[in-house]
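If you read the sequence shown in my numbering, its first letter stands for residue 1, the second for the next number, and so on.
Heads up, the beta-carbon is just placed ideally off N, CA and C, and yes, glycines get one too.
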Amino acid sequence: GIIGYGRMGKMYHDVLKTLGFDTEFICDIEKKDTNLKIILDYKEALNTPNIDGIIISTYGPTHYEIVKYAINRGIKYIICEKPFTTSLRHAQEITELLKKSNSKLTVSYLRRFSDSYSSLIKEININKKIGVPKSIIITCGAGGISTVGTHFLDLCTYLLNEKVISVVGFPINKNLPNPRGDEFE
């Protein structure tokens, strides 16, 4: 099933159809124009019997509760749009729940599969255009780490083939609000 049927939910639906996967339901807070079963409440959707996997493509601050509920329901495969939580405490809680369950969670970082990332990987890791990178400095615009910054952290992990050890952020203008909302501060 797909929970959240906005732009990303529709994209996932198209990909699933192309790959030959059956989608049992679409869950969204609004009725959508589709020939699939529409469920308006995510708990009702996740209580549907025999669900192998779900895709969560709702608004970021809703992810934590939906992911947590899906793990507790024993959903085996969970794909979640970023961010899968908006707090470190919630991320740690989900990680602990996953360790005690049979559920598998992946956070969707589709940019890894873009042509620009593939070219960059080739030039850095295969052609060794700049030698062996040891660290990366990234400058982000409005919203920084909470918007596109997580893609850059994923890119660093991918490029360096290692986990990110530390992240330091400096706000340039503290008077500018985060474009994603206060939940992301």
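So, for H13: in the same chain, excluding its five sequence neighbours on each side, which residues have a beta-carbon less than 7 angstroms away from its beta-carbon? Numbered from 1 along the sequence shown, position 13 holds the residue referred to as residue 13. Excluding sequence neighbours, H13 sits near I2 and T23.
Which residues does DSSP list as the beta-bridge partners of S135? As a position in the sequence shown, residue 135 is number 135, starting the count at 1. Bridge partners of S135: none, in fact.
So N125 and L159 are in contact, right, with Cβ under 8 angstroms, and what is the actual spacing, rounded? Counting from one through the sequence shown, the residue named residue 125 turns up at place 125. Counting from one through the sequence shown, the residue named residue 159 turns up at place 159. Sure, about 7 angstroms apart at Cβ, within 8 angstroms.
Of the listed residues K43, Y77, N50 and T48, nearest to E65 (C-alpha basis): Sequence index remark: in the sequence shown, residue 65 carries index 65 (1-based). When only C-alpha atoms are compared, the closest one is K43.
Can you round the beta-carbon distance between L98 and I71 to whole angstroms, since I take them to be within the 8 angstroms contact cut? Within the sequence shown, residue 98 is the residue found at index 98, counting from 1. Within the sequence shown, residue 71 is the residue found at index 71, counting from 1. Confirmed, Cβ separation roughly 6 angstroms.
Classify L88 as buried or exposed, calling it buried when 16 or more other Cβ atoms lie within 10 Å of its own Cβ. For this step, residue 88 is matched to residue 88 along the sequence shown. The residue in question, L88, is exposed, as its Cβ has fewer than 16 Cβ neighbours within 10 Å.
Just to confirm the assignment: which complete beta strand (DSSP E) runs, minimum length 3, are found wholly within the segment 13-52? 25-27 and 37-39
Taking the alpha-carbon positions, what's the P61 to V167 distance? Translated into the one-based positions of the sequence shown, residue 61 becomes position 61. Translated into the one-based positions of the sequence shown, residue 167 becomes position 167. Going from the Cα of P61 to the Cα of V167 covers about 22 angstroms.
Alpha carbon to alpha carbon, how far is N175 from L16? Give it in angstroms, no decimals. Here residue 16 refers to the residue found at position 16 of the sequence shown. Here residue 175 refers to the residue found at position 175 of the sequence shown. Using only the alpha carbons, I get a separation of about 42 angstroms.
Rounding to the nearest angstrom, what Cα-Cα distance links K82 and S108 in this structure? For the purposes of this step, residue 82 is identified with residue 82 of the sequence shown, where counting begins at 1. For the purposes of this step, residue 108 is identified with residue 108 of the sequence shown, where counting begins at 1. Cα-Cα distance, rounded: 6 angstroms.
Under a Cβ-count criterion, where at least 16 other Cβ atoms within 10 Å of its own Cβ denotes burial, should F84 be classed as buried or exposed? Numbered from its first residue, the sequence shown carries residue 84 at position 84. So F84 counts as buried.
Pick helix, strand or coil for T187, following the three-state DSSP scheme. Here the chain comprises residues numbered 1 to 185, so residue 187 is not present and cannot be evaluated.
Could you check whether K104 and Y69 sit closer than 7 angstroms to each other, using their CB atoms as the reference points? Stepping through the sequence shown from its first residue, residue 69 is reached at position 69. Stepping through the sequence shown from its first residue, residue 104 is reached at position 104. Result no, Cβ atoms of Y69 and K104 do not sit closer than 7 angstroms.
Could you say which of D52, G149 and C156 lies nearest to L120 if we only look at CA atoms? Taking the sequence shown and counting its residues from 1, the one referred to as residue 120 is at position 120. Ranking the options by Cα distance to L120, first place goes to C156.
So what's K68 in DSSP terms, helix, strand or just coil? What you label residue 68 is simply residue 68 of the sequence shown in a count that begins at 1. Helix.
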